[in-house]
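**Student:** The structure under discussion is supplied below as structure tokens; questions concerning it will follow.
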Ligand SMILES: [Fe+2]
Ligand SMILES: [Fe+2]
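In this note's numbering, the protein residues as written are 11 to 170.
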């Protein structure tokens with residue numbers, strides 16, 4: 011059920027996974043049949059793998075990936091075009107509140123994750139990892155590949 015590198019990954023995000031803010035993502039629908047928590051945890055793991063492969067800071071990518079959609083409101087409350095541009099800012103504000111502040115690089119990982127739809131572009135390999143992971147995971151979720159992955163069960167079990 012668990013990937014071979016699971017413990018190493020989990021050590022990077024353990025503290026965040028036990029936070030009530032991240033647990034709240036389970037109640038927010040992100041893509042059809044996929045909660046915001048499932049999507050964020052999936053992005054976190056994939057961004058961690060990508061960042062390590064690129065010689066970047068895997069811990070930063072894993073944490074920013076987990077918090078990149080921490081907007082914490084019903085996305086259907088906004089028109090989709092507005093949600094597209096507004097939610098990274100809301101996520102960055104909530105992530106900063108949760109972490110007691112964000113470094114400029116951490117903030118850029120979150121604000122630039124919608125690039126090229128966002129004004130801000132990724133300025134680091136960690137931000138590029140989160141941005142690319144967001145696209146790859148969204149495709150896997152929409153194609154229903156995500157539901158069949160053992161990784162899904164591990165990530166769901168990681169956040170009580
Ligand atoms: Fe997003
Ligand atoms: Fe996302």
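Virtual Cβ for every residue (Gly too), placed ideally from N, Cα, C.
Computed from a predicted structure; not experimentally measured.
Identify, in the order they occur along the chain, each residue of the same chain with its Cβ nearer than 7 Å to the Cβ of residue 94, setting aside the five sequence neighbours on each side.
**Tutor:** Same-chain partners within the cutoff: 124, 127.
**Student:** State yes or no: is the C-beta of residue 79 nearer than 6 Å to some heavy atom of ligand 1?
**Tutor:** Answer for residue 79: yes, Cβ within range of ligand 1.
**Student:** Assess contact between the segment 139 to 154 and the segment 49 to 59, defined as three or more Cβ pairs (one per stretch) separated by less than 8 Å. Is contact present?
**Tutor:** Segments in contact, yes.
**Student:** Take residue 162 as the anchor and find which of 69, 44, 78, 129 has the nearest alpha-carbon.
**Tutor:** Ranking the options by Cα distance to residue 162, first place goes to 44.
**Student:** Between the Cα of residue 78 and the Cα atoms of 89, 131, 100, 69, which residue gives the shortest distance?
**Tutor:** Checked all of 89, 131, 100, 69; the closest Cα to residue 78 is 100.
**Student:** Starting from residue 41, follow its DSSP beta bridges and name the residues at the other end.
**Tutor:** Paired residue(s): 44.
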